[in-house]
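In full-length UniProt numbering, the protein residues as written are 1 to 151.
Rendered as structure tokens:
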């Protein structure tokens with residue numbers, strides 16, 4: 001049997017309450033910091049994955065020279081922005097990621113449509129756009145994405 005007695009030197013009810021409130025306050029701050037780190041990491045991962053993808057001959061060789069240059073420039077801009085804005089807010093990181101995805105994804109989709117499928121070296125970017133429940137693309141790459149036109 002466990003017995004707790006209130007010996008001298010123990011914390012008072014007010015002190016315990018204060019500590020609980022501080023813990024709640026820090027919990028909220030920690031969650032906010034985690035969101036910021038996750039958003040920063042998502043942008044960083046997407047940028048470096050995209051850079052590595054287009055440097056791979058399997059992918060980079062299939063890209064139009066102008067498209068490849070455009071992606072390289074935008075990725076480099078994003079990486080420089082990341083280095084200069086380490087303390088940016090969550091929405092700034094997310095906006096920058098959406099901006100970069102808005103440039104890179106159509107170019108990559110165009111290449112996949114023309115090339116007939118996803119190359120084996122393509123990084124899994126399924127979680128980058130916020131659709132974490134989506135299954136990752138297969139690394140085999142013989143079948144491309146299913147494209148349906150909707151009015």
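Built from N, CA and C at the ideal position, the CB exists for glycine as well. As the structure is a prediction and not an experimental result, all values here were calculated from the model.
- In the DSSP assignment, residue 66 falls within the alpha helix (DSSP H) that extends over 65-84.
- Residue 150 is classed as exposed because its beta carbon has fewer than 16 other beta carbons within 10 Å across all chains shown.
- In this structure the segment 76-94 does not touch the segment 105-112; the number of beta carbon pairs closer than 8 Å is below three.
- Taking a 10 Å sphere around the C-beta of residue 97, we find 16 or more other C-beta atoms and assign the residue as buried.
- Around the beta carbon of residue 46, a 10 Å sphere encloses 16 or more other beta carbons of the protein chains shown; the residue is thus reported as buried.
- The Cβ-Cβ distance between residue 100 and residue 78 falls below 8 Å.
- Sequence-distant partners of residue 43 (beyond 5 residues in either direction) whose C-beta falls short of 6 Å from its own C-beta, in its chain, are 93, 96, 97.
- DSSP places residue 96 in the helix class (H, G or I) of the three-state scheme.
- Per DSSP, residue 10 lies in no alpha helix (DSSP H) and is assigned neither H nor E.
- Using a Cβ distance threshold of 8 Å, residue 103 and residue 69 do not count as a contacting pair.
- A residue is called buried once 16 or more other Cβ atoms fall within 10 Å of its Cβ, and residue 19, having fewer, is exposed.
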